[in-house]
Every structure is written in structure tokens, then in C-alpha cells.
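In what follows, a single structure is set out as C-alpha cells and then discussed.
The structure is reproduced here in C-alpha cells:
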């Protein structure tokens, strides 16, 4: 029988293909391959964003730059706060990669040689790198010093901190260069040098200390305010911006702040920047603000206050715009730019100069409050303008048995007075009686109707809620054994006791009364087309109002007026008729008594345009000493009005409100 | 026989080997070779300049005698005028020196003029430079300012044995501190990217915000003298635009340079004198 020969290879292949173990191996291999392909598909096709995002996060960085702050102007467009360039020479660390590497090799070689020669060289790689970096940066600093003729030294700790945390941001080697120094560096440094002159923005105050409390100041803000810039998922570095810390700078921080700009760039694995950047968005300057302040009036107000402690407020009667808001002692805003030194800060603290006394200091208004008392008495019908009081002023008034109150004004023997005479001569005895006839609640209600018991709402931060118009309920709640006595009413009638108001409160009151209205909303923003403010009328009849105005006029122009000092030759303002009221309030403990000299006024009398309030604190006074409103505060207001009036020579006569 | 493929690759291989070898050549040798190449190239430029001068000579020879006589008279008149100005200049300098000594004002740094002929002008989008026919043989230093009748030309970048390369003020590599005439606030002038066939231009940065400049009413820029390289008062160009920058602190603007920069024939290198080298001489240009 013949046998068919089968080729050996064919038979082996046939055997192998049918081998179950081999088939299992193929199956496993295919399965593994499928897993790999599946994983690849999953990662590359179904999750592409995850990995491209991770790659982007790892290789891209974002550098944010603040926009310049807006400027602040006075009502005539004069710059009060602007920006100035502060030149600094900076070193671009991301351009020094090769320098650092070469220096590192040199330093390492030197240490190895030292180790070979038997000297100990126990040093880590990180330390070697740090030495190399410091050496390179010091070399650039030496180059800068050679050009400038300076002897600056490297702050090694600051540099190490900057290198580890802010590497893509240029490191500031020397700051506060003068324009001449920056010009020298500009010309003598090679164009391609990693050393570059950089202009930073700092606040600029051309008028120095003028309106310091009102304008406020800025501080460094390490946080970048970015919401709409791309790349918020990237590692971000930012230059320090600024934020308002007080005054208008704080209140209008959102408007003044510029919009941040930024650059997104790629970095090498070592963190060095690769140019050109991938994306760049320019910062945008903040909005400018035009204040209602009149720089001329403000400067005169501050000069008139001089070294005294106190405040002066000038308000436009028609619009409520504040023309001047002066507080003394003050500080020089230029000291805050670029940053306030600890010594200067301590000095301001010691002089108690931080407080804006125009808005945040609350004093008893003294006799200036007699205008309120008069209005309350007339409106309630408690007195008539020509009515003489039961007791003529002989220096004292007996309220009840054992409670005698003095007349603190003038010689204290005013005699029998009408209302206008009582106001002009500021007779306390007259107003004790008016107060008692009117009643505390009526006087308090009148004061509250003029908004003297609350914040003015001016556009300044930190306006305290310190104004106080007391009444029986208040005293019962806040004072131990707090029954309300007739003596309290008498005190309140002359602006003493617990009554507390700020100079700004009183300036607004003067402006309101000038318009025969009860409320003036003060504002620090200038609007040339603003309509005149109007509020509820005082409710005085023309005869009643005329009596008060006559008293306020005679306060200055009457022979016994308490502010007649400003009607003397050399003080009198030609062509301007003023209505005013002085005040001298006692403040503090009897052992450490202080006087507050007040003067409130408005002018011109027949068509009021401007209202002024001045309050001046005395030092601690001894027995028999006093600081009278007519002697201390009225001349300050007079200087302010003189400056204001000198700017209004061609104003047409306006109809009264 | 070697495979044909290798023969074809032989030039590339040689080039690669040479490039590789160049990497290992010491830096001193590289510098020497570069300097030698520059010095060997210089005579070519000198010869080309001489040929150009000869061409101009023969062009002038084509003029009639009358034309040449008229030109000679004009030249003599111009020379006389310049001599008069030079005398006035000397008188003013003497008066200035007298007043300075009366007021005990320290003398300004003195300068020596080295007038040099321009051998070659590279005024293209790539290069903004000229080659002048003076070098180490006249103690021309690297970095020295170069001027002409129209103002600043640029700064010496390289100095050879008897030629020097001057980087023109239109080059992005030149930067200086400048004033607007009548102002004393320094701003930064820097050369810009210049088109191949356009007029030379530069950029001004840190321009004060109150400076207004338009093509119709440009502001003249002069050197400030604050930088320590250029003497004060040399014309730089005209600021023809100024727009507020993103930082809000300064404006940036475009500077139109003197068109004569493209046709320079002679320039002066200002070599700073040592304090003991006599009187101060501040350049004064018309």
C-alpha cells in the first residue's frame, strides 16, 4: 500500500494552528492589544481636553500686570492725585538661564578643586546653584552700580524668595531711580541686556498735604483682580497692584482701579520664559474722578487752620458740593508714595493726625446750636421774634432751687433781649429760657429734622455714626440715674450737654438754613450740570426767618456781635455780607477741659452761595482760660470766604432761594 | 569601488565634519579669524570707494569750464561763510569759558572731532550701518557717538585697523535719552524696524503725556546729554506722533529721522578727551 508523504512543515503548521494553548496565547495577546488600543482611544479620542489641559498647565504661565489707577481732579480740572513714573532697573531672570548654568559649572569646578586639595567642600547641589545665581545677579548689580555711581548691595533673601516664587517676573535690582539715572542706564546699557529700565506707576500728589484726609491714600495690593482674563487655570504670577486704603481712593476704588492686563507664555522645563508670548492683553487705565473740591479754597482753609487742631468745611449751598474739607493736623500724601515709612507713620500717630476731624470728630456745637433752638421755639410758637424773656441777663439764671447757670458769653450782663439780639450777642440766659419754654423734645425733633442726629452720607469711608441729639429716652437708656432735668433742656438749648455733631453736620445745617430748607446732602463729586438741591422747607414765616437772619448778620456787623472781630479793618471782605453764628463749647472732664471754638456762616446774605463751618479744638485749658469762637474760628472762616469771594467777582446777583 | 550613494553624500559629510571641528576651535582662534576676515574685507570697500570717487571725478570733468568756475565761486563763498561762523563760534566758546570760570562751573567733558569718509552704506531692512574710513589708526573707540551736519548718525560698533562700523540711529540696536526742544524731561529714543525702501524712522518711549506731536506739527528731538554717551543738544529727529501708552504714564510715538542719513558721505566721530587734554569743546551743529 502506497503512503502519501506529508511535508513536515505543513503538518507542524496544521498541528500548531489547532493547538489550544497557542490559540489561548493568541487570544490573550489580542485581548492585551485590545486593552492597549482601547486605552489609547479612551485617552486620545475621548479625553483629549484632559491631557492637552494638563500639558498646557505644565508648560504655560500667566503674568498679570495691573492697569494704572485713574486720576483725581478738583472742580476746575486741576490734578489732585495722579500717577508718576517710578523708575527701577530690573533683571529678567528668564534670560539668564545660560549664565546661571555656566556659573554653576564654574562654581562646581572650584569646589571640586578645593575638595581635591584637601579643603572640606561639603555642599549640596542646591547650594551650588544658589551661589551661582547670586554671583551672576551680583555681577549685573555691579554693572548697574558702575553706571550709576551707586553702591547698592544685593538683598540675597529677597532675591532667593523672588527666584523661587516669582521667577518669570523681572527682579528689581535698584528702585527709585531719578530721571537722570534712568536716562544714563537707557543710553549705556546694551539694548539686548537682561538689565532693563522699567517704569512703575506710583501715586503722585502735586499739592502735597492738601486735602490729605479727603483724598486718602493707597497701599500695595498683592492680589490680582482678574475675572475675564483667559488662562485662570494656569500658574499665575502678578505684579503688585494698589488698592485704596482711605478717603476717595478707598470709596471709589472700583472706578479708579484700572483693568488688569496679562501675558500668557510658554516656559521651558526649568521654568524659563520662551518668547514671544502666546497671548497678550494690555491693561486699561482706571476712570478719572472730578471732585467738588476747589483747590484754592482748600489750600486757604488749611493755611488758615495752620497749626491749630480742628476742621473747616465749605459747602456749595445750591448743590451741596463740598468745596473744601480741611482737617488739622494733617499729613503729607507724598510720604505715602511709594510706601509710608514706619517713622512717618509713628509721627502721624503721635500727632493724632490720622483722624479726619471734619467728618469723624463729634463735638458739642455750643452756641451755634442756638439757631436750632430759635427755629424750634419760633415754629412751635413758644416765643415770638420780638418777645423779651421774663428774666433779663445779669450773668446768671436760676433754673430751680440750687441750680444756677451762668451766661458764658461776653461780660454776662446782656440785659433784656429780643431773639435777634440774643443770637447776635449769644446770650445764654436768654436761650436757657427759650429752651425751657420750647421743651427738650421739640428742640430735639427740630435738630433731627435737620439730620443732625445721623451720618451725612458723604462719599467717604469710615464716617462714624457719632452724631447725637439726646432726649429723655436716650438719657434713660444710656446714663445711670438718667432722669431728664430742666437743666438738661437748658444745656441742650445752648448746644452743650450731650449734643454732639461734626463740623460737616454743621456745614450742611448752615447750607440748609441758607436755603430755608431742612436737609443738604453733601457730595464730593462735581457735576457742573447738577440741579439745585431742594428739600422740605423749615416752616418759618418770613418774619421769623428775618429775625434769625438779623441776629446772624448782627453777630458779625452788630456793635455787640460775638464775631465782630471779622468786621474790623483788614478783616472785612468788601462787597460780601455774611450771616454767621459763633459758638464756644466746653468739652471733656473739668480736670482736663477743652474748648471748641465754632463758627458757622453762609454768604452772601441776600443770595447765599456758600456755607462754612469751622471748629477748632483748644489745648487743655486752665481756670479762666477759653478759646472763643469769635476770636479763633471766625477769622478762619473769614479767610476762606475771602478766597472764595475773590474767585466770584463777576457773578451776577442771584435771586434768593 | 565605493557605493555611489556615499559619493553623493560626501560634500554634506565634509560640511558636517568642518562644522563639528569649528565647534572645537578655541575662542581666541575664532576671534582672530573673524577679525582677519574683516580686515581683509576692508580694502575691498576702500577700493570700491576710490573707484566711486574716480567716477564722480570724471563726471565732474564733463562740466564746462564756466560751470566749474561758478561752482568754485559758490564753494569759496560757502567756505568764507563757514569760516566766519567758525570765528563766531570761537568767540562764543571763549566767552562761555570766561563766564564758566567766573562762576566756577566745572568744565563740560571735551570732545575731539574725527572727520571720516563713509566707505559703505547698508541701509536696508536687515542692516542699518555704515563703514567709515577711520579706525584704530585714529584712536576711534568702540561706542563713540557719530554725528553729521544733520545731527546724530549713530554709534561706533566695531573698530578695525583703519575702518570702523557705525550702527545708525535708525537701527533697533541704538537707544539714547532725548528731550523735546524746550523741555527737560528725558524720554527714550530707539531705532525701529525700517522698511527696505521707506524713510528712516525710530520710536520714542516715555514721552511725557502733555507732549502733543502730529506729522503736521512735529516736535524736534535733541539729545539730552544725561546718558553720558551723546553730548547734549544734538538733533535726533522729529516726533511726528504721540499716543498714550497702556500704562497711562507716558506716550509712545514715532520719530522721523533725517533723510540725509541714507546718503551720508562724511561724518564726524566724537572722541571724548581726557580731562587733562585741554579745553572743553561741546559740539554745536547748525
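Protein chains in written order, with this note's numbering: chain G, 2 to 658; chain H, 50 to 335.
Glycine included, every Cβ here is placed at the ideal spot set by N, Cα and C.
Of the choices the options, whose alpha-carbon is the least far from that of residue i?
| i | options | result |
| --- | --- | --- |
| residue 299/H | 199/G, 305/G, 177/G | 199/G |
| residue 219/H | 64/H, 317/H, 303/H, 77/H | 303/H |
| residue 312/H | 210/H, 168/H, 290/H | 168/H |
| residue 165/G | 462/G, 130/G, 177/G, 140/G | 130/G |
| residue 508/G | 384/G, 35/G, 172/G, 615/G | 615/G |
| residue 297/G | 197/G, 327/G, 283/G, 279/G | 327/G |
| residue 1/G | 457/G, 621/G, 304/G | Residue 1/G is absent from the model: chain G starts at 2 and stops at 658. |
| residue 198/H | 74/H, 309/H, 184/H | 309/H |
| residue 209/H | 291/H, 251/H, 81/H, 62/H | 81/H |
| residue 111/G | 157/G, 132/G, 315/G | 132/G |
Please state the DSSP three-state secondary structure of residue i.
| i | result |
| --- | --- |
| residue 199/G | strand |
| residue 236/H | strand |
| residue 7/G | In this predicted model, residue 7/G has a pLDDT of only 49, less than 50, meaning its place in the structure is not dependable enough to derive any value. |
| residue 56/H | helix |
| residue 492/G | helix |
| residue 331/H | Confidence is the limiting factor: at residue 331/H the pLDDT is only 45, short of 50, which leaves the residue's position unreliable and the question unanswerable from this model. |
| residue 189/H | coil |
| residue 2/G | With a pLDDT of 44 at residue 2/G, under the threshold of 50, the predicted position of this residue should be treated as unreliable, and no value is reported. |
| residue 98/G | helix |
| residue 243/G | strand |
| residue 223/H | coil |
| residue 658/G | Note that residue 658/G has pLDDT 49, beneath the 50 cutoff, so the model's placement of it is unreliable and no number is given. |
| residue 497/G | coil |
| residue 67/H | helix |
| residue 270/H | strand |
| residue 538/G | strand |
| residue 430/G | helix |
| residue 603/G | strand |
| residue 83/G | strand |
| residue 322/H | coil |
| residue 555/G | helix |
Which chain G residues are close to residue i, counting only those with a beta carbon under 8 Å from its beta carbon?
| i | result |
| --- | --- |
| residue 221/H | 192 |
| residue 273/H | 184 |
| residue 234/H | 180 |
| residue 225/H | 187, 188 |
| residue 202/H | Those within 8 Å of residue 202/H in chain G number zero; the least Cβ separation is about 15 Å. |
| residue 196/H | Result: empty, since nearest Cβ-Cβ is about 15 Å, beyond 8 Å. |
| residue 243/H | Under the 8 Å cutoff, chain G gives no residues; its nearest Cβ is about 15 Å from residue 243/H. |
| residue 307/H | The premise fails here: residue 307/H is roughly 20 Å from chain G at the closest Cβ pair, so nothing lies under 8 Å. |
Tell me, to the nearest whole angstrom, how far the beta carbon of residue i is from that of residue j; I am working on the premise that it is less than 8 Å.
| i | j | result |
| --- | --- | --- |
| residue 618/G | residue 345/G | Not a contact, Cβ separation roughly 23 Å. |
| residue 671/G | residue 137/G | Chain G is shown only over 2 to 658; residue 671/G falls outside these bounds and no answer can be derived. |
| residue 574/G | residue 528/G | Not really, about 28 Å apart at Cβ, beyond 8 Å. |
| residue 284/H | residue 269/H | 7 Å |
| residue 400/G | residue 431/G | So it is not a contact: roughly 14 Å between Cβ atoms. |
| residue 448/G | residue 454/G | 7 Å |
| residue 196/G | residue 141/G | 6 Å |
| residue 426/G | residue 415/G | 5 Å |
| residue 214/H | residue 260/H | That belief does not hold up - the Cβ atoms of residue 214/H and residue 260/H are roughly 34 Å apart, past 8 Å. |
| residue 581/G | residue 564/G | 5 Å |
| residue 184/G | residue 235/H | 4 Å |
| residue 380/G | residue 550/G | Incorrect: roughly 15 Å between the Cβ atoms, too far for contact. |
| residue 317/H | residue 164/H | 5 Å |
Listing by chain order, which chain H residues have their CB less than 9 Å from the CB of residue i?
| i | result |
| --- | --- |
| residue 345/G | Residues of chain H passing the Cβ test: none, with the nearest at roughly 25 Å. |
Along chain G, in chain order, which residues have C-beta atoms closer than 7 Å to that of residue i?
| i | result |
| --- | --- |
| residue 277/H | 185, 188, 189 |
| residue 214/H | What residue 214/H touches in chain G: nothing, since even the nearest Cβ is about 16 Å away. |
| residue 237/H | 187 |
| residue 115/H | What residue 115/H touches in chain G: nothing, since even the nearest Cβ is about 51 Å away. |
| residue 145/H | Neighbours of residue 145/H on chain G: none; closest Cβ ~23 Å, over 7 Å. |
| residue 149/H | Near residue 149/H there are no residues of chain G at all, since even the closest Cβ is about 21 Å away, more than 7 Å. |
Using a Cβ cut-off of 9 Å, pull out every chain G residue sitting near residue i, in sequence order please.
| i | result |
| --- | --- |
| residue 186/H | Result: empty, since nearest Cβ-Cβ is about 26 Å, beyond 9 Å. |
Ranges of the beta strand (DSSP E) found wholly within the segment 160 to 184 of chain G, counting only runs of at least 3: 172 to 178
- request: Let me know the alpha helix (DSSP H) ranges lying completely inside the segment 160 to 221 of chain H, each 4 residues or longer, listed in chain order.
  value: As far as the segment 160 to 221 of chain H is concerned, it has no whole alpha helix (DSSP H) run of at least 4 residues.
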